[in-house]
Every structure is written in C-alpha cells, then in structure tokens.
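In what follows, a single structure is set out as structure tokens and then discussed.
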Amino acid sequence: MAMATLRQARWLSHTCIAVSRRTSIDSLHRVQPMQLLHSGVVASSSIVCPPATAAVYETLGSPDQVLRLVQMDGRELEDGEVCVKMLAAPINPSDINRIEGTYPMRPTVPAVGGTEGVGVVVAVTPGVRNLTIDDWVIPSHPHLGTWATHIAKEEGAWCKVGQDVPLEYAATISVNPCTALRMLTDFVDLEAGDVVVQNGATSMVGQCVIQLAHLRKIQTVNLVRDRSGVDEVKARLSSLGAEHVFTEEELGKLDMKNFLKEIGAGAKLGLNCVGGSTATAVMKLLGEGGTLVTYGGMSKKPIKLATGPLIFKDIQLRGFWLGKWKTKHSNEDFAAMTKYLLELVRDDKLRYITEKVPFEDFNHALDKAMGKHGSAPKQVLVFK
Ligand SMILES: NC(=O)c1ccc[n+]([C@@H]2O[C@H](COP(=O)([O-])OP(=O)(O)OC[C@H]3O[C@@H](n4cnc5c(N)ncnc54)[C@H](OP(=O)(O)O)[C@@H]3O)[C@@H](O)[C@H]2O)c1
1 MAMATLRQAR
11 WLSHTCIAVS
21 RRTSIDSLHR
31 VQPMQLLHSG
41 VVASSSIVCP
51 PATAAVYETL
61 GSPDQVLRLV
71 QMDGRELEDG
81 EVCVKMLAAP
91 INPSDINRIE
101 GTYPMRPTVP
111 AVGGTEGVGV
121 VVAVTPGVRN
131 LTIDDWVIPS
141 HPHLGTWATH
151 IAKEEGAWCK
161 VGQDVPLEYA
171 ATISVNPCTA
181 LRMLTDFVDL
191 EAGDVVVQNG
201 ATSMVGQCVI
211 QLAHLRKIQT
221 VNLVRDRSGV
231 DEVKARLSSL
241 GAEHVFTEEE
251 LGKLDMKNFL
261 KEIGAGAKLG
271 LNCVGGSTAT
281 AVMKLLGEGG
291 TLVTYGGMSK
301 KPIKLATGPL
311 IFKDIQLRGF
321 WLGKWKTKHS
331 NEDFAAMTKY
341 LLELVRDDKL
351 RYITEKVPFE
361 DFNHALDKAM
371 GKHGSAPKQV
381 LVFK
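For the sequence shown, the UniProt record's numbering gives the first residue as 1, with consecutive numbering after it.
Okay, here's the thing in structure tokens:
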C-alpha cells in the first residue's frame with residue numbers, strides 16, 4: 001500500500017497532474033500556456049513546462065467511461081529534461097487495451113492515455129545534449145502518455161525526427177509501420193516473388209505490409225472484412241500494391257487448389273491481426289513449412305487452427321510484439337528504423353489513411369477508434 005502511494009506520488013511529480021480536476025472539454029479553452037515559452041520567456045531563473053490539458057484515466061475500464069480531459073499544473077523542469085508541446089497523437093488499439101487493463105503492461109493509475117505521437121521541443125534545460133528548441137520528437141518508449149498538450153520528460157525519452165513529412169506520419173511512424181517492417185524481416189527469409197498472406201489488411205499495419213512487401217517485389221494476399229463499399233477498399237489496397245484482395249466470404253468460394261498453384265504453392269509468411277476464423281483462412285493459404293505470425297486480436301476471438309495444414313504442411317506458429325523488440329534493441333536501432341520509414345514516407349513510397357481530429361473533439365475520435373461508428377480510418381488527435 002505504502003509502495004503504491006509512493007509510486008503514485010512519483011508519477012504525479014513527473015507528469016504534473018493537478019489535484020483539482022476540471023470538467024472535460026470546457027477546460028481546453030482556458031489553457032493558453034504557450035505564449036510563455038514561444039516568446040522564450042523563462043520564469044525567474046527556472047525553466048518551466050506550462051500547464052497542460054490531458055486525457056487522464058484514474059481507474060482501468062472502458063476508455064469512453066474512464067477517460068477525462070483534465071488540466072494539469074505546469075512545473076519546473078529538472079536538469080536534463082525538455083518540455084515538449086505535442087502536435088499530433090494517434091489512438092491505437094493498444095492504447096485502448098492498456099486503458100481497459102487487457103494489455104500485458106498495466107499502467108499505474110492515474111495515467112495519461114496514448115503512447116505514440118509527435119511534438120515540438122519548446123524548452124530545454126542546460127544538461128540537455130542532443131535536443132534543441134523547435135526539434136520534432138517522438139517517444140522512444142511507449143510509456144509516455146501522449147494525449148496531453150505538453151509533456152516534461154528527460155531527453156532520453158525522446159527520439160528526434162525530421163520535419164519533412166506531414167505531422168500525421170511523424171505521429172504514427174513508431175508503432176504500426178515498425179511492426180510491419182519487423183514482421184516482414186525477422187521471421188522468414190523473403191525473396192522477390194515470394195507470397196505473404198494477411199488478414200486485417202485495412203489496418204495501418206496491413207497497409208504498411210502491402211507497401212513494404214511491394215517494394216521488395218513480394219506478393220501479398222489480403223483478407224478484409226465484408227462491408228458496403230468493399231470495392232472501393234479493394235481498389236485502395238490495390239493502389240498500394242496489393243496483388244490479391246478478398247473478403248473472407250469470397251475466399252471461401254475460391255478454388256483453393258488452383259489459387260495455391262497460382263501463388264506458387266502457398267505463402268511463406270502469414271500475418272494474423274484478427275483471430276477467429278480469419279486466422280484459419282490465413283493458415284490455409286500458407287505453403288509447406290509456412291509461418292503464421294500473430295500480432296493482434298481485433299475480433300477478440302481465439303485463433304482456430306486448421307488441423308490439415310498443421311500436420312501436412314508443418315506450419316510454424318509464432319507471435320510478434322514490438323514492445324519486446326524494443327527491450328532487446330537500442331534507441332539507436334529504433335531511431336534508424338523510424339528514419340528509414342520516414343524516408344519512405346517522404347519519397348511517397350509509404351502512405352496510409354488517417355483522419356486528423358482536433359484534440360477538442362477527443363470524445364468523438366475515441367468513439368470512432370473504438371469502432372462505435374463502424375470501420376474508420378486511424379484517428380489522429382491534432383493539438384493547437
Ligand atoms: N504486436 C505488436 O507489437 C503490435 C504492434 C502494432 C499493432 N498491433 C496490433 O495490430 C492490430 C492492428 O493495429 P492498427 O493500429 O494497424 O489498426 P487500425 O489501423 O486501428 O485498424 C483497425 C483494424 O482492425 C480491424 N477490426 C476492427 N474491429 C474488428 C473486428 N471486430 N473484427 C475484425 N477486424 C476488426 C479493422 O478492420 P475494418 O477496416 O474492417 O474496420 C482494421 O483493419 C491491433 O490489434 C494492434 O493492437 C500489434
């Protein structure tokens with residue numbers, strides 16, 4: 001109990017949550033902190049990070065029930081820290097899972113939501129070596145709480161990125177594109193002409209898989225959920241380089257033997273974002289010795305394994321978690337990976353659909369990200 005209290009106290013001092021909570025969206029209009037730092041004015045001899053508005057949860061639960069927009073006090077920076085004014089931050093499925101308490105890493109509450117995003121450095125302390133005012137930065141580790149207008153943290157918590165891409169790409173480069181890249185690189189040796197099959201192809205990870213595979217002349221077979229307007233979705237994925245796009249229903253009607261012949265006796269790699277019967281469908285499209293990598297469970301249904309492919313094709317079952325990859329690799333490795341992916345964005349070789357939403361409309365963006373309005377593009381909160 002004492003430990004929890006101490007941890008909470010440390011958390012409060014680091015993230016400057018105000019004890020008094022004000023009511024939701026109204027508070028956004030009362031916060032005008034940035035004149036202070038943009039004008040370069042520093043209060044007396046100290047360097048401060050101004051008051052922030054943040055989406056905070058004090059208990060775990062459904063995000064639409066437990067998140068509140070609150071005002072947090074500003075605070076003096078400790079030496080070695082920088083103050084970052086957030087520019088944009090996405091709402092990812094794992095952010096929702098963290099708040100629900102279903103993610104392996106359980107945050108200590110109260111906590112600020114969000115793990116990814118991009119911000120601009122607006123204040124630095126003398127001990128800071130590698131960052132300067134006006135640099136764009138993304139979090140190095142997914143523990144930051146990015147749904148906040150301002151964040152005070154040590155410089156090591158941040159990774160500098162270039163400013164030659166649209167901010168919604170800088171805000172979203174560090175999770176889903178990295179996951180797509182790692183899964184295409186770390187499990188099987190893929191060569192030009194090989195085939196990768198995936199479900200959840202409309203996800204941001206899925207869109208990146210299509211394009212990163214296409215760059216290496218690797219074919220993709222893509223499974224999507226049926227919906228009205230499915231032809232438009234298929235056309236969009238084809239324009240990214242997808243060779244084949246099917247709904248699960250269409251796949252069921254396919255002459256599987258012929259199709260497997262067409263794609264060279266099956267895929268070497270299968271990527272499972274969804275679970276349930278669509279994971280089985282991915283498995284059936286794998287070739288001899290193929291590998292099925294599970295990285296998401298969007299349907300919240302258990303994976304159904306197909307007995308035949310397991311026995312007769314010796315299918316390998318694996319899992320991927322970017323969080324683990326990060327613990328085994330340096331910040332420099334991570335920086336190199338995001339730099340490479342941002343260069344692809346800059347060169348128009350990597351793109352994906354996002355919807356930018358003002359932070360003031362947080363609740364609406366959250367509802368969309370939680371699927372309450374059906375399929376929706378990735379919601380990216382944009383801060384003033
Ligand atoms: N393991 C890792 O390290 C790692 C890293 C990054 C992401 N992920 C996981 O990868 C998955 C995709 O993330 P993302 O950010 O790329 O997704 P996203 O862009 O937010 O898109 C959500 C995707 O999930 C699909 N979906 C939503 N609800 C579904 C349901 N009930 N049944 C089937 N499909 C459903 C959507 O399909 P529609 O277009 O049909 O709506 C869409 O393809 C998530 O599970 C995420 O947690 C894992």
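Idealized CB from N, CA, C, for every residue including glycine. Owing to the predicted nature of the structure, the values given are computational and were not obtained by experimental measurement.
> When we look at the beta-carbon of G296 and count the other beta-carbons within 10 Å, is it buried (16 or more) or exposed?
Replying inline: Position 296 of the sequence shown, counted from the first residue, corresponds to residue 296. The residue in question, G296, is buried, as its Cβ has 16 or more Cβ neighbours within 10 Å.
> Beta-carbon separation of I263 and V205 under 7 Å?
Replying inline: Here residue 263 corresponds to residue number 263 of the sequence shown, with the count starting at 1. Here residue 205 corresponds to residue number 205 of the sequence shown, with the count starting at 1. No, these two residues do not count as a Cβ contact at 7 Å.
> Who are residue 396's beta bridge partners in DSSP?
Replying inline: Nothing can be reported for residue 396, as the shown portion of the chain is limited to 1 through 384.
>> Less than 6 Å separating the Cβ of R182 from some heavy atom of ligand 1?
In response: Within the sequence shown, numbered from 1, the residue matching residue 182 stands at position 182. Every heavy atom of ligand 1 is 6 Å or more from the Cβ of R182, so no.
>> If you follow the alpha helix (DSSP H) that F334 is in, where does it begin and where does it stop?
In response: Numbered from 1 along the sequence shown, position 334 holds the residue referred to as residue 334. Taken as a continuous stretch (DSSP letters only), the alpha helix (DSSP H) holding F334 covers 331-346.
> According to the Cβ coordinates, are L286 and Q198 closer than 7 Å?
Replying inline: The count along the sequence shown starts at 1 and reaches residue 286 at position 286. The count along the sequence shown starts at 1 and reaches residue 198 at position 198. Their beta carbons are not under 7 Å apart, which means L286 does not touch Q198 by this criterion.
> DSSP on F359, reduced to helix/strand/coil?
Replying inline: For this step, residue 359 is matched to residue 359 along the sequence shown. The answer is helix: DSSP assigns F359 an H, G or I state.
>> Helix, strand or coil, according to DSSP, for H364 in the structure here?
In response: As a first step, residue 364 is located in the sequence shown; it is residue number 364 there, counting from the start. Helix at H364.
> So the alpha helix (DSSP H) C178 belongs to, where does it begin and stop?
Replying inline: Numbered from its first residue, the sequence shown carries residue 178 at position 178. Taken as a continuous stretch (DSSP letters only), the alpha helix (DSSP H) holding C178 covers 176-186.
> Is the segment 72-79 touching the segment 104-111, taking contact as three or more C-beta pairs under 8 Å?
Replying inline: no
>> When you compare the CB positions of L310 and T291, do they come within less than 7 Å of one another, or not?
In response: What you label residue 310 is simply residue 310 of the sequence shown in a count that begins at 1. What you label residue 291 is simply residue 291 of the sequence shown in a count that begins at 1. The answer is no: Cβ separation not under 7 Å.
> What's the gap between the Cα of A369 and the Cα of E355?
Replying inline: Your numbering for residue 369 matches position 369 in the sequence shown. Your numbering for residue 355 matches position 355 in the sequence shown. C-alpha separation (whole angstroms): 10 Å.
> Which residue comes first and which comes last in the beta strand (DSSP E) that contains M298?
Replying inline: Along the sequence shown, read from residue 1 onward, the residue named residue 298 stands at position 298. No beta strand (DSSP E) contains M298, which DSSP labels as neither H nor E.
>> Please return the same chain residues whose Cβ sits closer than 7 Å to the Cβ of T23, not counting the five positions on each side in sequence.
In response: Mapped onto the sequence shown, residue 23 falls at position 23. Bear in mind that a pLDDT of 31 at T23, under 50, signals an unreliable position, so the number given afterwards is only what the model happens to contain. The answer is none, since no qualifying residue turns up.
>> At the level of alpha carbons, what is the spacing between D255 and A279?
In response: Residue numbering aside, residue 255 sits at position 255 when the sequence shown is read from its first letter. Residue numbering aside, residue 279 sits at position 279 when the sequence shown is read from its first letter. C-alpha separation (whole angstroms): 19 Å.
>> If you follow the beta strand (DSSP E) that K268 is in, where does it begin and where does it stop?
In response: As a first step, residue 268 is located in the sequence shown; it is residue number 268 there, counting from the start. Taken as a continuous stretch (DSSP letters only), the beta strand (DSSP E) holding K268 covers 267-272.
> Which residue comes first and which comes last in the beta strand (DSSP E) that contains A57?
Replying inline: Looking up residue 57 in the sequence shown gives position 57. What sits at residue 57 in the sequence shown is Tyr, not Ala. 52-57 is the span of the beta strand (DSSP E), which, as asked, contains Y57.
> Under a three-way DSSP split, which group does V233 fall into?
Replying inline: Start at 1 with the first residue of the sequence shown, and residue 233 comes out as number 233. Here V233 sits in helix by DSSP.
> Between E155 and G114, what straight-line distance do the alpha-carbon atoms span, to the nearest angstrom?
Replying inline: Numbered from 1 along the sequence shown, position 155 holds the residue referred to as residue 155. Numbered from 1 along the sequence shown, position 114 holds the residue referred to as residue 114. Going from the Cα of E155 to the Cα of G114 covers about 19 Å.
>> Taking its Cβ as the centre, do 16 or more other Cβ atoms sit within 10 Å of P166, making it buried, or is it exposed?
In response: Along the sequence shown, one-based indexing puts residue 166 at 166. So P166 ends up on the exposed side.
> With C-beta atoms as the reference, is A213 less than 7 Å away from E248?
Replying inline: On the sequence shown, position 213 is the one that residue 213 refers to. On the sequence shown, position 248 is the one that residue 248 refers to. No.
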